[in-house]
Amino acid sequence: MNTTHDAPELYPRGTARRSVPGFPGLRADATGSIYSKRDGQRLKPRVVGDVLCVDVSTPTQRNKPWIPVAILVARAFVARPRPFYRHREVIHLDGDRKNCRALNLAWKRAKRTRAR
């Protein structure tokens, strides 16, 4: 008997996809998957330096085409506390940087840097 199907799912199949603010060609779902708006295909993630990333090559981001999945999912699903400019980092609540489910993400205040 397969026990993986016996447990209730946190995100049922067909979870709504949301547009990712700042990335007009992408949609995300709460399970941590990123999709192309053009053809609806799921983008294949890749591990870059212990972080799960997807390739979002655009003319404006030629030097850094790999974007962390956590940032995209957080932009689409996790409410950003005010003031927005101070909350720029995304943390994983369970510590696993490959678990990019919306329930596992939170915005963190960026550290201040002092000019000396």
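Just so we're on the same page, the working numbering is the position in the sequence shown counted from 1, plus 8. Virtual Cβ for every residue (Gly too), placed ideally from N, Cα, C.
Would you kindly report the start and end of the unbroken beta strand (DSSP E) that includes residue i?
i, result
"residue 60", "59 to 63"
"residue 86", "It is not in any beta strand (DSSP E) - residue 86 carries neither H nor E in the DSSP assignment."
"residue 32", "31 to 36"
"residue 54", "54 to 56"
"residue 109", "Where residue 109 is concerned, there is no enclosing beta strand (DSSP E), given that its DSSP letter is neither H nor E."
Applying the criterion that 16 or more other CB atoms from any shown protein chain within 10 Å of the CB defines a buried residue, is residue i buried or exposed?
i, result
"residue 118", "exposed"
"residue 40", "buried"
"residue 20", "Note that residue 20 scores 48 on pLDDT, short of 50, meaning its location in the model is unreliable and no value can be drawn from it."
"residue 16", "The predicted position of residue 16 is uncertain, since its pLDDT is 42 and thus under 50; no value can be drawn from it."
"residue 10", "Because residue 10 sits at a pLDDT of 43, beneath the cut-off of 50, its placement in the model cannot be relied upon, and the following sentence gives the value as read from the coordinates. The residue is exposed, with fewer than 16 neighbouring Cβ atoms inside 10 Å."
"residue 89", "exposed"
"residue 24", "exposed"
"residue 13", "Any reading at residue 13 must be qualified, since the residue scores a pLDDT of 43, below 50, and its modelled position is unreliable; the value itself is stated next. Exposed: under 16 other Cβ atoms inside 10 Å."
Between the Cα of residue i and the Cα atoms of the options, which residue gives the shortest distance?
i, options, result
"residue 33", "44, 25, 104", "44"
"residue 87", "65, 60, 106, 111", "111"
"residue 50", "57, 99, 61", "61"
"residue 79", "103, 30, 47", "30"
"residue 83", "48, 113, 103, 24", "113"
"residue 81", "96, 48, 97, 109", "109"
"residue 106", "46, 63, 36, 53", "53"
Looking only at DSSP bridge pairs, what is residue i linked to?
i, result
"residue 41", "None, per the DSSP bridge assignment."
"residue 114", "99"
"residue 28", "31"
"residue 73", "Answer is none; residue 73 lacks a bridge partner."
"residue 105", "Per DSSP, none; premise fails for residue 105."
"residue 50", "43"
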